[in-house]
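If you read the sequence shown in the UniProt record's numbering, its first letter stands for residue 1, the second for the next number, and so on.
Structure first, commentary second.
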Amino acid sequence: MPKLKIRGGDLDLVEYEFSPFSPGEKINTLGIGSRTLAPREGKVRVTAPGRIHLTVLDMNRFAPNRPGGGGVGFALQISCFAEAECTPGKTEIDYSREPIVRHFVAVFKEATGYSGGFRIKVRDHDQKHVGLGSTGSVLVALANAMNEALGGPLTKDEIRLLIGNNYVEETEDGRVTLGFETGVGPAAVTYGGMAVMGDELTLAYHHPFAEGKNVFVIIPETTVSSSGRAEFDLLMNRARNLDYQDRELKAYFILMDLIPALERGDLKKIGEVIWEIEFRGSKRAEVEHHGFLIYQYMSRLREAGLEFVGMSSVGPSIAVVTERSETEMAEILATMGLSVAISTKVDNAGLKVEWIE
């Protein structure tokens, strides 16, 4: 497999070799050990929101073999779901991305000591590799569905830590490889609202966000990849270098400005903080990855008076949170040759669990 270089500074250069493996290998149970299980009859469905990942705090504190780095993001009312039903035999999976599901099923079974199987059906929100967190939302829904089916042996925090420490993406040959995970997505998706993460997947702060406001997602066309090797090169090189310079400032903004603004529900101030971060550290590297056209779009949206504008993850999706209507938003975007891809709201509720049989 190719060796990819990671450079954070002049004296910080290492090589990382991606080593794909079969689903069910390289499992990290975090020492959880077997739990008391109480398998239930019937089928459980867990619906999970999507997420907007606004920024990583320090790219130097995470890699494919080290989840963490801190960050900020919020849950979005675009949903995926997972259904799980206990079976005595083999696990059956109905989903287009079977390898990532099969791998986490193996993680979950080893962590809990469950020896049976599951009948699983998963459907995502069908917006992949554009910054809306399809993989993370699917894994959260899946893990919580299996957990409910077994009587709830794991806590929600144990589940999101298992996901973060076993996060994978599938390869073209049906295997999986370790992926990047800050923990922002699973925390926001699980509890709803805005989540602020510290290192090692630590949920530092959580609060409802922009209740009743509109969220518009714009997905500009781009020829730049936001996954695979292109994502690795971006996050592990220029992004790390810029975070050496700006990580303390970003952390200061989050602690001293963003959190107080969330407490008092000040969307305008929250938007100002996020806009400042768009030009700092690894977030700047992520936006520039798509060329300066993304900055031009976002700048024009800010100039139009929209309260909150930010690119999600490595893009190219741009999230706008505002009191303006969809009609007003469409008029603003029309002058840029853009349109609303998704019209929704912040999800402040988190996971929804229901027994359907």
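For each residue, glycine too, the CB sits at the ideal point set by N, CA and C.
Source: prediction; values computed, not measured.
- In its chain, beyond the 5 residues on either side, 58, 59, 60, 281 and 282 have a beta carbon closer than 7 Å to the beta carbon of residue 243.
- Judged by DSSP secondary structure, residue 74 falls within the beta strand (DSSP E) whose first and last residues are 71-87.
- If you draw a straight line from the Cα of residue 192 to the Cα of residue 331, it comes to about 30 Å.
- Comparing alpha-carbon positions, the option among 168, 144 and 268 lying closest to residue 65 turns out to be 168.
- Within the DSSP bridge table, the entry for residue 338 names no partner.
- Exclusion of the five residues before and after residue 268 leaves 307 as the residues of its chain whose Cβ lies within less than 7 Å of its Cβ.
- Within the DSSP secondary-structure output, residue 206 pairs in a beta bridge with 195.
- Of the candidates 27, 40, 52 and 30, 52 places its Cα closest to the Cα of residue 215.
- Its chain contains 253, 254, 257, 258 and 261 as the residues whose beta carbon lies nearer than 8 Å to that of residue 273, once the 5 sequence neighbours on both sides are disregarded; these appear in chain order.
- Assigned with DSSP and collapsed to three states, residue 279 falls in coil, not helix or strand.
- Taking 8 Å as the upper bound for CB-CB distance, residue 195 and residue 203 are in contact here, some 6 Å apart.
- Annotation: the continuous beta strand (DSSP E) that includes residue 352 extends over 352-355.
- When C-beta atoms of the region 172-185 are compared with those of the region 40-47, fewer than three pairs fall below 8 Å, so the two segments do not count as touching.
- By the Cβ neighbour-count rule, residue 31 is exposed, with fewer than 16 other Cβ atoms within 10 Å of its own.
- Rounded to the nearest whole angstrom, the C-alpha separation of residue 78 and residue 26 is 31 Å.
- C-alpha of residue 278 to C-alpha of residue 94: approximately 39 Å in a straight line.
- The beta carbon of residue 102 sits closer than 8 Å to those of 23, 24, 91 and 93, all from its chain and outside the five residues before and after it, given in chain order.
- Taking the Cα positions, residue 300 is about 17 Å away from residue 312.
- When the beta-carbon positions are compared, residue 112 and residue 160 stay at least 8 Å from each other.
- Rounded to whole angstroms, residue 263 and residue 352 show a C-alpha spacing of 25 Å.
- The beta strand (DSSP E) runs of length 3 or more contained entirely in the region 19-68 are, from start to end of the chain, 44-56.
- Here residue 319 is bridged, per DSSP, to 217 and 310.
- By the C-beta density criterion, residue 85 is buried, having at least 16 other C-beta atoms within 10 angstroms.
- For the options 67, 118, 309 and 21, the alpha carbon positioned closest to that of residue 218 is the one of 309.
- Residue 21 holds the alpha-carbon nearest to the alpha-carbon of residue 166 among 355, 343, 287 and 21.
- DSSP places residue 122 in the uninterrupted beta strand (DSSP E) bounded by 117-123.
- With contacts defined as CB atoms closer than 8 Å, residue 151 and residue 38 qualify as a contacting pair.
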